[in-house]
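Asker: Chains as they are written, first to last, in our numbering: chain X, 19 to 276; chain W, 3 to 218.
By construction, the Cβ of each residue, glycine as well, lies at the ideal position given by its N, Cα and C atoms.
Note that this is a predicted model, so its numbers are computed, not measured.
Right, I'll just put the structure down here and ask away after.
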Amino acid sequence: MESWIAPLAAGRSEAAWDLFIDRYRRLVFAAIRRYTTDPDDVMDVFARVCEALRENDFARLRKYAAQADPTRKFSTWLCAVIHNLTIDWIRQRDGRPRLSAVASALPPLQQRLFEYVFVQQRSHVEAYELLKSRDASALTFSEFLKELSATYRAAGSSKRGRLIQELTATPPEPPAEPTDADPAMLVERHAVLSDVMQALPDEDRVAVQLYVMEGMPADQVARALGLSGAKAVYNRVYRALASLRERLERAGIAAGDL
Amino acid sequence: MTHPAPEDLAALRQQIHLERRQPTPECLDELAVADFVDGTLSGERRATVMSHVAACAHCRSVIRATAALVADESVAREAPHEQRRSRMWPMAGIAVAAAAAIVFMAMPRSEGPTLREPAVTNAIAPVTLTPKGAVSDAGQFVWSRVPTAERYRLRLHRADGSVFWSAETTDSSLVLPDTIRLVPRETYYWRVEAQTEWRRWVVSDMTQFRIERPAP
Numbered sequence: 019m020e021s022w023i024a025p026l027a028a029g030r031s032e033a034a035w036d037l038f039i040d041r042y043r044r045l046v047f048a049a050i051r052r053y054t055t056d057p058d059d060v061m062d063v064f065a066r067v068c069e070a071l072r073e074n075d076f077a078r079l080r081k082y083a084a085q086a087d088p089t090r091k092f093s094t095w096l097c098a099v100i101h102n103l104t105i106d107w108i109r110q111r112d113g114r115p116r117l118s119a120v121a122s123a124l125p126p127l128q129q130r131l132f133e134y135v136f137v138q139q140r141s142h143v144e145a146y147e148l149l150k151s152r153d154a155s156a157l158t159f160s161e162f163l164k165e166l167s168a169t170y171r172a173a174g175s176s177k178r179g180r181l182i183q184e185l186t187a188t189p190p191e192p193p194a195e196p197t198d199a200d201p202a203m204l205v206e207r208h209a210v211l212s213d214v215m216q217a218l219p220d221e222d223r224v225a226v227q228l229y230v231m232e233g234m235p236a237d238q239v240a241r242a243l244g245l246s247g248a249k250a251v252y253n254r255v256y257r258a259l260a261s262l263r264e265r266l267e268r269a270g271i272a273a274g275d276l
Numbered sequence: 003m004t005h006p007a008p009e010d011l012a013a014l015r016q017q018i019h020l021e022r023r024q025p026t027p028e029c030l031d032e033l034a035v036a037d038f039v040d041g042t043l044s045g046e047r048r049a050t051v052m053s054h055v056a057a058c059a060h061c062r063s064v065i066r067a068t069a070a071l072v073a074d075e076s077v078a079r080e081a082p083h084e085q086r087r088s089r090m091w092p093m094a095g096i097a098v099a100a101a102a103a104i105v106f107m108a109m110p111r112s113e114g115p116t117l118r119e120p121a122v123t124n125a126i127a128p129v130t131l132t133p134k135g136a137v138s139d140a141g142q143f144v145w146s147r148v149p150t151a152e153r154y155r156l157r158l159h160r161a162d163g164s165v166f167w168s169a170e171t172t173d174s175s176l177v178l179p180d181t182i183r184l185v186p187r188e189t190y191y192w193r194v195e196a197q198t199e200w201r202r203w204v205v206s207d208m209t210q211f212r213i214e215r216p217a218p
């Protein structure tokens, strides 16, 4: 049991806070530094994390304490909280100037992409359509993907790079050469794949999504899904993909068409 | 071991172009995310969370980020040592699975959470000595003494996980009362909890035994 829980329950909130912060201060700093190396950012986010944990008479910590259980690891919960608070901080009022500073160093087109994808968290296809309709862009989708990839690279190379990468999905791979891919085709493919993915059991679908689409390491996927190890994840994903392929073929769609 | 084919992975990764990562009111709270990352969800809650994760790109990104933070060496180094009781047992055989089932079923629900030992501790868990494996008699249960223990609690389980007998003592052994009759060739499990402080217990491994040749 966490040492700060008993004093918190007994109404000695400040004593609980002292115990908590003494035990976890270093972890909180280490987690924040994983997102940003800028000393001002680190201190600002640390202050925000402390403020959020103390808000409403320590409501967040009380909520955890009410569900504390020997099978749970408090540090994992704390990491989830730090992640959410850090992302909120950069997207909301306090961190926005930092976000704007990153964007201002980009060429105008990439600034628009940054706004749509990183700040507004729109999908890539949505960002492409907005560029065409609002900004009268004449980019093909292939050219758009190259610009988008350059935006990811530029934003990710700043000292707030990891923080910014967390605002969106895995960076897209730029096409090696111009392709005839267009968003309408992507949407069509997406609909087909979504349909066949729906037929998979939830656990198989989540294994594919986390390992393939999110790029999570296999050992972390194994831990989350209660599998014995990375090999079990490879096998499960392989079987799920084989099942997807079979369903697609039955629907008359070859693997190369996707 | 079979690796997925690269062309399959590429086709699926294209899906990121269509994903929005904005949260919704149905999104997982931080406790659910942590439980998912640690693999401690079970039963209906696990099914509900799994179904949401399968449908929500935002929650998947929070899960990925949290798992990465937890696994990061610089973060892990600063995490105070936490001992936790696992709910997810490795499937290393029927005996282990049965023991896991017993742990689930036998976990006390009405007594509130059992506190674990502090991070830095010298308290050693008791070690079950006898009976173990195939025995001719199981009239007495013996375990190693824990220096700071104030009392011990023994739980004996049937193979289906139900508690067959439970007793407490200040000694490091207990005699099975005459009213408790063990069935020959049936498998039983037992473990001992040692109380070292108020509401603080250290627990032995679950031990399996069966009476092969009843004592005359």
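For residue 141/W and residue 44/W, I'd like the C-alpha separation in whole angstroms.
Answerer: Looking at the two C-alpha atoms, the distance is approximately 36 Å.
Asker: Taking C-beta pairs closer than 8 Å, name the residues in chain X that residue 2/W reaches, listed in chain order.
Answerer: Residue 2/W is absent from the structure shown; chain W starts at 3 and stops at 218.
Asker: Touching or not, the segment 30-40 of chain W and the segment 95-115 of chain X, by the rule of three or more beta carbon pairs under 8 Å?
Answerer: Yes, since at least three Cβ pairs between the segment 30-40 of chain W and the segment 95-115 of chain X fall closer than 8 Å, the two stretches touch.
Asker: I'd like to know if residue 30/X contacts chain W, where contact means its C-beta is closer than 8 Å to some C-beta of that chain.
Answerer: For residue 30/X, the answer is no, since every Cβ of chain W falls outside 8 Å of its Cβ.
Asker: Answer with buried or exposed for residue 43/X, where buried requires no fewer than 16 other C-beta atoms within 10 angstroms of its C-beta.
Answerer: It is exposed - the Cβ of residue 43/X has fewer than 16 other Cβ atoms within 10 Å.
Asker: Between residue 284/X and the rest of its own chain, which residues show a CB-CB distance below 6 Å, the 5 nearest in sequence each way excluded?
Answerer: Here chain X covers residues 19 to 276 and nothing more, so residue 284/X does not appear.
Asker: Which residue comes first and which comes last in the alpha helix (DSSP H) that contains residue 179/X?
Answerer: Unbroken alpha helix (DSSP H) run through residue 179/X: 179-183.
Asker: Whole beta strand (DSSP E) runs in the segment 80-105 of chain X with 3 or more residues, listed along the chain?
Answerer: Entirely contained in the segment 80-105 of chain X, not one beta strand (DSSP E) run reaches 3 residues.
Asker: Please state whether DSSP places residue 266/X in a helix, a strand or coil.
Answerer: Of the three classes helix, strand and coil, the one that applies to residue 266/X here is helix, per DSSP.
Asker: Output the distance between the C-alpha atoms of residue 71/W and residue 93/X, rounded to the nearest integer angstrom.
Answerer: Rounded to the nearest angstrom, the two C-alpha atoms are 10 Å apart.
Asker: Assign residue 206/W to one of two classes, buried (16 or more other C-beta atoms within 10 Å of its C-beta) or exposed (fewer than that).
Answerer: So residue 206/W counts as buried.
Asker: Alpha carbon to alpha carbon, how far is residue 68/W from residue 143/X?
Answerer: Their backbone Cα atoms lie some 27 Å apart in a straight line.
Asker: Can you list, in chain order, the residues of its chain whose CB lies under 8 Å from that of residue 215/X, leaving out five sequence neighbours each side?
Answerer: Around residue 215/X: 223, 226 and 262.
Asker: Establish whether the CB of residue 53/W and some CB of chain X are separated by less than 8 Å.
Answerer: With 8 Å as the cut-off, residue 53/W counts as an interface residue toward chain X.
Asker: From which residue to which residue does the beta strand (DSSP E) around residue 169/W run?
Answerer: 165-171 is the span of the beta strand (DSSP E), which, as asked, contains residue 169/W.
Asker: Could you check if residue 62/W is buried or exposed, using at least 16 other CB atoms within 10 Å of its CB as the buried criterion?
Answerer: Label assigned to residue 62/W: buried.
Asker: Just confirm the distance between the C-beta atoms of residue 193/W and residue 170/W, as a whole number of angstroms; I'd bet it's less than 8 Å.
Answerer: In fact, because the Cβ distance is near 13 Å, the residues do not count as touching under 8 Å.
Asker: Applying a beta-carbon distance threshold of less than 8 Å, which residues of chain X neighbour residue 40/W?
Answerer: Result: 90, 91, 94, 241 and 242.
Asker: With burial defined as no fewer than 16 other Cβ atoms inside 10 Å of the residue's Cβ, what is the status of residue 104/W: buried or exposed?
Answerer: Its pLDDT being 46, under 50, residue 104/W is placed unreliably by the model, and the measurement read from it follows with that caveat. Result: buried.
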